[in-house]
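Read top to bottom, the protein sequences are chains L and X.
Note that our numbering has the first sequence beginning at 1, numbered continuously upward.
Note that our numbering has the second sequence beginning at 1001, numbered continuously upward.
Here is the structure we will look at, set down as structure tokens.
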Amino acid sequence: MRDKQIENLKDYKYGFSTDIESFKAPRGLNEDVIRFISNIKKEPDWLLQWRLKAFERLKVLKEPNWQKPKYPKIDYQDLYYYSAPKSFKEKPKNLEDLDPKLLETYKKLGIPLQEQKRLNGIAVDAVFDSVSVATTFKDSLTKKGIIFCSISEAIQKHPDLVRKYLGSVIPTTDHFFATLNSAVFTDGSFVYIPPNVKCPMELSTYFRINASDTGQFERTLIIADKGSYVSYLEGCTAPMRDENQLHAANVELIALDDAEIKYSTVQNWYPGDKDGKGGIYNFVTKRGLCKGKNSKISWTQVETGSAITWKYPSCILKGDNSIGEFYSIAITNNHQKADTGTKMIHLGKNTKSKIISKGISAGKSDMTYRGLVDISKNASNSTNYTQCDSLLMGNKCGAHTVPYIKNKNSNSSIAHEATTSKISEDQLHYCQQRGLNQEEAVGLIVNGFCKEVLQQLPMEFAVEAQKLVGISLEGSVG
Amino acid sequence: MEQKLKTDFDKFISMSNFSNQEIKLKKEALDNFLKNGFPSRKLENWKFSDIKQIIQKNIGELTFYNDYNIKNEINDEIFIKEIEHNKIVIVNGKVERLNFEYEESNKINLTTLENFNQNPNDDNSLLSLNNSFSNKIHNILVKKNYSFKKPLIIYQITNEKVSNTNINFQLKFELEENSSIKIINLSDDNSEKNFINNLFNFNLGKNAILKNYKIEKKSNTNIKYDYSSINQKENSISETFIFSSGSDYKKNEVICNLEGQYSSAFINGIHLLSKNKHHEIRTNTNHLYENTKSYQLIKSVIDDSSKSVYQGKIYVDSKAQKTDGYQLSKAVLLNEQAEFNAKPELEIYADDVKCSHGSASGSLDEDSIFYLMSRGLDKKTAKELLINGFLLDVVEKITDEEIKKLLKNMIGLN
């Protein structure tokens, strides 16, 4: 079975059939490839120029290497930067073709059979009409004037909005991976909430048609206009496989006066096998700008997948009285590595930020919380509270905390706390005494440890995430 | 600068009587420094304090040749009268007097070192600079089962006689099994705009106790780097107290290696800064064995446009189960131009540990000021009282009562 699966993976990589060959950009990164991408997506000239500008900048940028998890050098000339969505022909036909382990996990998470198929790109029969679900969903959004579509579509239909905000939080002159994304991004989501509209439902990539084929250089842009509110979900609890090893997505959030954006992520990409072979590199740039007064951006993330997770969802608190929040659970097991945290940049007066980070490392994994709290000279009366707790399981893993704290304003206060510990024997003993086996006991205690963050997730998500926390740690105790 | 280093080095070697072995090592150290240069903010450890830039801006080109043949008069008036003590007097980087009058002479062994040890992989270029230009290194060995009867006060003096702008000094202590020593390190700076680079090595044997109090109060325009490395064997205890206030720029680095079980390290520090001073404390506590303990408390009071930095790292090796590590840094910003930067870091590879750190910064609590004022104090006194209490917390951690009293008076905290 294992062999078969490896065969499958090989198929993903090399198995493009000749009839769609024409929709694939040649291997490598150069101006022609960028023009090719721009052309195939029928982009306006300004966007092509924007991409090219990013590419010019990319040429002089060096890949950063200060991070804790090291990885083998990536040959950027050996990657494909554009390929058309896979045809059904290459996708697995049946659930039986999949890794039984994966199916087992689905079962534990309680994911319905149809959904399992959908997640793996298996052709769905007519009974489960995801298209129609999505359509009704779209209708109610349109009524409210909410724009929720792919970014390619937005470029065609709402060029003014895209042009105004794209790159306003993550400019083309940013760090290496962000700039790479700017040059070659292929698709992603676009959300615009008009003034004083409260989005009636949780928006999720899940409901966007073709969402599973957004590729490795995703670009998401969310704009909440004055007085609006939106909650956005990214990813899902089910394990996701992908043939691309490097994922360098960019996510930009913009909140205008009195607006609020809540962005939740559950990331469970393929983490590699037990020996640490394979697995996704998740190098994502996420940044939110509280542009207007009284605006609020809240990031919640549950990171359980990927071989390497390297990301810092950040908030730039520019508007007076704006609020930034960051809630994170990161779990690493086996050979996984994570270097994650947040940046809170306080620029406006009376700005507030809160950081709650829970890290759990098991097996031979390595976990780092790295964060920056920067209160600038003009950010009077600003406050920050940071709490980062780490839990270690076994003495082959590592847990690190690297907070950077900068306070340049005497009227502002920063408080930071961090603890590292293991699950106490007493707690374990108590649970076991009451009939739980060791694994269940650990699951329960870990869930308690993460509760503060899990509570921040939307309801349906939270239940699944809770199960996911337990599953991610399987085999790490005893 | 490279040319100047080379010519000053040649002159220095020709004017001194080093052995061939020493010259060889010094040359290697110089090559290492030439390769790396002064640290800048590009290095993680110097992120908040770019010493390369600070030296360039405040001193300009440095001169390195220090004439250790100059004899300096010592004015006995500078000595502390309140307590009886042994003395080491260092003037402009040269040891002028070693006086252990209160101790049994056969229990102490004074030598000069042929070799100095810098880990070749250590990229700290300031240690290389120190190794290449410092004079003969005195090694003070305290023999087995001997405890110093009186404290040792190290007077570090600079005077206007110094012709070079860079002063390097190095001292080494070895504490054998069951021995103990109390050291007070006092700076008395009378020179202007020098870059002073100090290096202290402490090796603690089993059950040894080191109490090290570093006081730097006198206002001066020097730029200082002070590096202490403390290696600790089983059951040894080190206590380091830093009062950092006087110089325009000062960086204290304390590296503790807890190599034996039940060894413990305590580091407490105060930054009391005004004008545009820039001080940093960087600690690196390495828990390398089971059942080790470390405790750190750093408090800063920052006024005017001064800047305080604290970088503290607790490293726990996978061997070091049952580690107990604690770290707390607090800062009070008194002025809008003041700045506090902190990087309290944990790097942990063992699971059965208890490690925590905390950091807080902000202004003085308005409610507390109001409370005191409502009881008749004016605002200034109220503030002073609060700052006094804030800092006293650290001074109270000093375990030697006699020295605590002395230092309280010296610093002016009661």
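Quick reminder that beta carbons are idealized off the backbone N, C-alpha and C, glycines included.
Given the structure is predicted, the values throughout are model-derived calculations rather than measurements.
**OP:** Report all residues from its chain with a CB closer than 6 Å to the CB of X/Glu1339; omit the five preceding and five following residues, and keep chain order.
**Re:** Leaving aside the five residues that flank X/Glu1339 on each side, the residues in its chain whose CB is nearer than 6 Å to its CB run, in chain order, Lys1307.
Original post:
Alpha carbon to alpha carbon, how far is L/Gly279 from X/Gly1260?
Top reply: 40 Å
Original post:
To the nearest angstrom, how far is it from the Cα of L/Trp299 to the Cα of L/Lys343?
Top reply: 11 Å
Original post:
Is X/Tyr1146 helix, strand or coil by DSSP?
Top reply: coil
Original post:
Hey, is X/Tyr1295's beta-carbon within less than 8 Å of any beta-carbon in chain L?
Top reply: no
Subject >> Closer than 9 Å at the beta carbon, the chain L residues around X/Gln1321 >> reply: What X/Gln1321 touches in chain L: Asn395.
Original post:
Of the residues L/Ser390, L/Leu372, L/Asp339, which one's Cα is nearest the Cα of L/Asn543?
Top reply: Here chain L covers residues 1 to 478 and nothing more, so residue 543 of chain L does not appear.
Original post:
Which residues in the same chain as X/Lys1217 place their Cβ atom closer than 6 Å to its Cβ, once the five residues preceding and following it in sequence are excluded?
Top reply: Ser1245, Gly1246
Original post:
Which bits of chain L does X/Phe1370 rub up against, with CB to CB less than 8 Å?
Top reply: Going along chain L, no residue has its Cβ under 8 Å from X/Phe1370, so there is no contact; the nearest lies around 16 Å.
**OP:** Using a threshold of 8 Å, state whether the C-beta atoms of X/Ile1242 and X/Ile1154 are closer than that.
**Re:** no
**OP:** Write down the C-beta distance between L/Ile375 and L/Asn407 rounded to the nearest angstrom, noting that I regard them as a contact closer than 8 Å.
**Re:** 5 Å
**OP:** Using only alpha-carbon positions, find the residue among X/Tyr1213, X/Ile1167, X/Leu1126 that is nearest to X/Leu1152.
**Re:** X/Tyr1213
Original post:
Any beta-carbon of chain X closer than 8 Å to the one on L/Lys406?
Top reply: Yes - at least one Cβ of chain X is within 8 Å of the one on L/Lys406.
Original post:
Taking Cβ positions only, does L/His416 come closer than 8 Å to chain X?
Top reply: yes
**OP:** State yes or no: is the beta carbon of X/Pro1039 nearer than 8 Å to at least one beta carbon in chain L?
**Re:** At a cut-off of 8 Å between beta-carbon atoms, X/Pro1039 makes no contact with chain L.
**OP:** Have a look at X/Ile1167, X/Leu1210, X/Ser1359 and flag the residue whose alpha-carbon is nearest the alpha-carbon of X/Ile1196.
**Re:** Per the Cα distances, X/Ile1167.
**OP:** Identify the contact partners of X/Phe1340 in chain L, using a Cβ-Cβ distance below 7 Å as the criterion.
**Re:** Against X/Phe1340, the close residues of chain L are Asn407, in the order they occur along the chain (beta-carbon pairs closer than 7 Å).
Original post:
Can you tell me whether DSSP reads L/Met201 as helix, strand or coil?
Top reply: If DSSP states are grouped into helix, strand and coil, L/Met201 belongs with coil.
Original post:
Quick one, which of L/His346, L/Glu425, L/Glu31 has its alpha-carbon nearest X/Asp1352's?
Top reply: Out of L/His346, L/Glu425, L/Glu31, L/Glu425 has the C-alpha closest to the C-alpha of X/Asp1352.
**OP:** Might you give, ordered along the chain, the residues of its own chain that have their beta carbon closer than 8 Å to the beta carbon of L/Arg57, omitting 5 neighbours on each side?
**Re:** Thr172, Thr173, Thr179
Subject >> Where the alpha helix (DSSP H) through X/Lys1027 begins and ends >> reply: 1020-1036
Original post:
Using a C-beta to C-beta distance shorter than 8 Å, which residues of chain X count as neighbours of L/Leu444?
Top reply: For a Cβ distance threshold of 8 Å, nothing in chain X lies close to L/Leu444: the least Cβ distance comes to about 18 Å.
**OP:** Assuming L/Ala399 contacts L/Ser361 (C-beta within less than 8 Å), just tell me the rounded distance between them.
**Re:** 5 Å
Original post:
Got a sec? Which residues, its chain only, sit under 6 Å from X/Ser1019 by beta carbon, not counting five neighbours each side?
Top reply: none
Original post:
Taking the C-alpha atoms as reference points, what is the distance between X/Thr1221 and X/Asn1194?
Top reply: 8 Å
Original post:
Which partner residues of X/Gln1311 appear in the DSSP bridge assignment?
Top reply: X/Arg1282, X/Lys1343
Subject >> Neighbour flag for X/Gly1362 against chain L, beta carbons, 8 Å >> reply: So yes, X/Gly1362 belongs to the interface.
Original post:
When the cut-off is 8 Å and only beta carbons count, does L/Pro403 lie next to chain X?
Top reply: yes
**OP:** Step through the CB atoms of chain L and report whether any lies within less than 8 Å of the CB of X/Lys1004.
**Re:** no
Original post:
Can you tell me whether DSSP reads L/His508 as helix, strand or coil?
Top reply: Since the first residue shown for chain L is 1 and the last is 478, residue 508 of chain L is missing from the structure and cannot be characterised.
Original post:
Taking DSSP as the reference, what is the three-state secondary structure of X/Thr1158?
Top reply: strand
Original post:
Mind pulling the chain X residues with CB within less than 7 Å of L/Leu392?
Top reply: Ile1348, Asp1351
Original post:
Name the chain L residues that come within less than 8 Å of X/Gly1358, Cβ to Cβ?
Top reply: Ala415, His416, Glu417, Ala418
Original post:
Is the shortest distance between the beta-carbon of X/Ser1014 and the beta-carbons of chain L less than 8 Å?
Top reply: Output row for X/Ser1014: interface = no.
Subject >> Given 8 Å, three or more beta-carbon pairs between the region 281-290 of chain L and the region 244-258 of chain L >> reply: yes
Subject >> Secondary structure of X/Thr1111, DSSP reduced to three states >> reply: strand
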